[in-house]
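Going by this note's numbering, the residue at position 200 of the sequence shown is 221; the numbering climbs one at a time, nothing skipped. Presented below is the structure to which this report refers.
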Amino acid sequence: MQNIFLAILFSVLVSAFLKLAKRWQLQIEQIIAFNYVSATGLGYFLLNPHFDDLSFNTFVMNHQMPIFFALGILLPSVFIVMAKAIDLVGIVRSDAAQRLSLFLPILAAFVVFGQTFNYARIIAIIFAFLALICLLKKNVQQSPKLGWAGSVSLILVWFGYGVIDILFKQVAKIGINFTNILFATFVLAGVMLFIYLILQGTQWQLPNVVAGLLLGSLNFGNILFYIKAHQYFSSNPTLVFASMNIGVMILATLVGGGLFKEKITKINLLGIVFGVIAMLSLFYLDRLPF
């Protein structure tokens, strides 16, 4: 479970860092771009990817190329869509769309990855979605009006983050060679985002560069431990998908209340209880023969 806990911790640190960056009036797009620079560097020096014995044919035949291109394009693209969604419909609705994308990887766990239903998993999934609903229960009355463009942006956020979770599970299935595809994905994602920013005529600023490099180390830890969790619990992807989403929401709620003085309602506290029940159900009850 330590890989899941570390992935949750790094994910919340990424969110907190981005929130502080916005408070400090830094340019989020530049930060995300340079985040891929440091993530690529850490991937090269810590994961030590090997491309010497990797031919183009094996890359294609092992179905690594579609995963590589999909992740390399989706990671920066979904970020851009998420930023647009926040502008159109507000951060509360956008965050809700991201977290409720849990539906897609859980569906994939049973349809694509061959996990079977049992009572423990059904109970856990019910509590997982109850937890997310309660944790996401915030005041949206002052959020921008939900128009056509806003609705489309939320659907894209929901779909994009769900597909990314599924693709990371596919990366985990590659085994020890996942380091190659992860490194290559960081490179492609960075190139895609830098091209986008250059075409936008971005004026680069040193504080954004430094913040981006720091963010990249946190993001690298988040993705690395998330993939390692999938490898360790290879037969139970639902545990990783649900625990990651719920765990991030629980810790983010507590950090938001403690560090950013955000109001934690009784419904939010109930969501924390539901989330703990869901995670315990997946980890312990799932081992029982029913």
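Ideal Cβ placement from N, Cα and C applies to all residues, glycine included. The structure presented is a predicted model; accordingly, all values stated were derived computationally and were not measured.
Might you give, ordered along the chain, the residues of its own chain that have their beta carbon closer than 7 Å to the beta carbon of residue 247, omitting 5 neighbours on each side? Working through the sequence shown from its first residue, we reach residue 247 at position 226. Counting only Cβ-Cβ distances below 7 Å, and skipping sequence neighbours, we find 28, 189, 265.
Own chain, CB closer than 8 Å to residue 40, minus 5 neighbours either side, in chain order: Reading the sequence shown from its first residue, position 19 is the one you call residue 40. Within the same chain, residue 40 has close Cβ partners 281.
Taking DSSP as the reference, what is the three-state secondary structure of residue 17? Residue 17 lies beyond the stretch modelled for the chain, which goes from 22 to 311, so this question has no answer here.
By DSSP, does residue 266 sit in helix, in strand, or in coil? Residue 266 sits at position 245 when you count from the first residue of the sequence shown. The answer is helix: DSSP assigns residue 266 an H, G or I state.
Between the CA atoms of residue 270 and residue 231 - distance to the nearest angstrom: To locate residue 231, count along the sequence shown from 1; it is residue 210. To locate residue 270, count along the sequence shown from 1; it is residue 249. Approximately 27 Å between the Cα atoms of the pair.
Go ahead and pull the three-state DSSP assignment for residue 236. In the sequence shown, counting from the first residue as 1, residue 236 sits at position 215. Looking at residue 236 - three-state DSSP - the assignment turns out to be helix.
Straight-line Cα distance separating residue 111 from residue 220: Residue numbering aside, residue 220 sits at position 199 when the sequence shown is read from its first letter. Residue numbering aside, residue 111 sits at position 90 when the sequence shown is read from its first letter. Cα to Cα, the separation comes out at about 26 Å.
CB contact flag (residue 303, residue 145, <8 Å): Position 282 of the sequence shown, counting from 1, holds the residue named residue 303. Position 124 of the sequence shown, counting from 1, holds the residue named residue 145. Yes.
Enclosing alpha helix (DSSP H) for residue 49 [first to last residue]: For the purposes of this step, residue 49 is identified with residue 28 of the sequence shown, where counting begins at 1. Residues 49-68.
Under 7 Å Cβ to Cβ from residue 102, same chain only, skipping five residues before and after it: list those, please. Here residue 102 refers to the residue found at position 81 when the sequence shown is read from its first residue. Once the five neighbours on either side are set aside, the close Cβ partners of residue 102 are 174, 177, 178, 181.
Which word fits residue 87, buried or exposed, when buried means at least 16 other C-beta atoms lie within 10 angstroms of its C-beta? Stepping through the sequence shown from its first residue, residue 87 is reached at position 66. Result: exposed.
For residue 106, which of helix, strand or coil comes out of DSSP? As a first step, residue 106 must be located in the sequence shown, where it is residue number 85. Of the three classes helix, strand and coil, the one that applies to residue 106 here is helix, per DSSP.
Between which residues of its own chain and residue 214 is the CB-CB distance below 6 Å, once the five residues before and five after are set aside? The residue labelled residue 214 in the question sits at position 193 within the sequence shown. The answer, listed in chain order, is 54, 97.
For residue 71, which three-state DSSP category applies? What you label residue 71 is simply residue 50 of the sequence shown in a count that begins at 1. Coil.
Within its chain, find whatever has a CB closer than 6 Å to the CB of residue 57; leave out the 5 residues flanking it on each side and keep chain order. What you label residue 57 is simply residue 36 of the sequence shown in a count that begins at 1. Once the five neighbours on either side are set aside, the close Cβ partners of residue 57 are 207, 210, 211.
For residue 256, does the count of other Cβ atoms within 10 angstroms reach 16, so buried, or fall short, so exposed? Mapped onto the sequence shown, residue 256 falls at position 235. Residue burial is scored here from C-beta neighbours: residue 256 has fewer than 16 other C-beta atoms within 10 angstroms and is therefore classed as exposed.
Three-way DSSP call (helix, strand, coil) for residue 286 in this model: Here residue 286 refers to the residue found at position 265 of the sequence shown. Looking at residue 286 - three-state DSSP - the assignment turns out to be coil, as it is neither helix nor strand.
Using CA atoms only, rank isn't needed, just tell me which of 141, 31, 224, 85 is closest to residue 10. In the structure displayed, the chain extends from 22 to 311; residue 10 sits before or after that span and is not available.
According to DSSP, is residue 82 helix, strand or coil? Walking along the sequence shown from the start, residue 82 turns up at place 61. Per-residue confidence for residue 82 stands at a pLDDT of 49, beneath the threshold of 50, marking its modelled position as unreliable; the derived number appears in the next sentence. Helix.
Work out the CA separation of residue 301 and residue 143 for me, nearest whole Å. Counted from its first residue, the sequence shown places residue 143 at position 122. Counted from its first residue, the sequence shown places residue 301 at position 280. If you take the alpha carbons of residue 143 and residue 301, they lie about 13 Å apart.
Which same chain residues end up closer than 6 Å to residue 238 when comparing Cβ atoms and leaving out the 5 residues on each side of it in sequence? If you number the sequence shown from 1, residue 238 lands on position 217. Cβ neighbours of residue 238 beyond the five flanking positions: 59.
Thinking just about the alpha-carbon of each residue, which of 293, 121, 275, 288 is nearest to the one in residue 34? For this step, residue 34 is matched to residue 13 along the sequence shown. For the residues 293, 121, 275, 288, the minimum Cα distance to residue 34 belongs to 275.
Less than 8 Å between the CB atoms is what I'm expecting for residue 85 and residue 195, so what's the real figure, rounded? As a first step, residue 85 is located in the sequence shown; it is residue number 64 there, counting from the start. As a first step, residue 195 is located in the sequence shown; it is residue number 174 there, counting from the start. Confirmed, Cβ separation roughly 7 Å.
Measure the C-alpha to C-alpha separation of residue 52 and residue 229 and round it to an integer number of angstroms. Within the sequence shown, the letter at position 31 stands for residue 52. Within the sequence shown, the letter at position 208 stands for residue 229. Each residue's Cα considered, the two are about 5 Å apart.
Which residues in the same chain have their Cβ closer than 8 Å to the Cβ of residue 106, if we skip the five residues on either side of it in sequence? Against the sequence shown, residue 106 aligns to sequence position 85. So the qualifying residues of the chain are 114, 115, 118, 171, 174, 175, 177, 178.
Work out the CA separation of residue 193 and residue 82 for me, nearest whole Å. Counted from its first residue, the sequence shown places residue 82 at position 61. Counted from its first residue, the sequence shown places residue 193 at position 172. Any reading at residue 82 must be qualified, since the residue scores a pLDDT of 49, below 50, and its modelled position is unreliable; the value itself is stated next. Answer to the nearest angstrom: the Cα atoms are 17 Å apart.
Quick check on residue 90: buried or exposed, where buried means 16 or more other Cβ atoms within 10 Å of its Cβ? Residue 90 sits at position 69 when you count from the first residue of the sequence shown. Classification of residue 90: exposed, given that the 10 Å Cβ count is below 16.
DSSP on residue 305, reduced to helix/strand/coil? Position 284 of the sequence shown, counting from 1, holds the residue named residue 305. Residue state, collapsed to three classes: coil.
Could you tell me the boundaries of the alpha helix (DSSP H) in which residue 167 lies? Residue mapping note: residue 167 aligns to position 146 of the sequence shown, counting from 1. The continuous stretches of alpha helix (DSSP H) do not include residue 167, and DSSP gives it neither H nor E.
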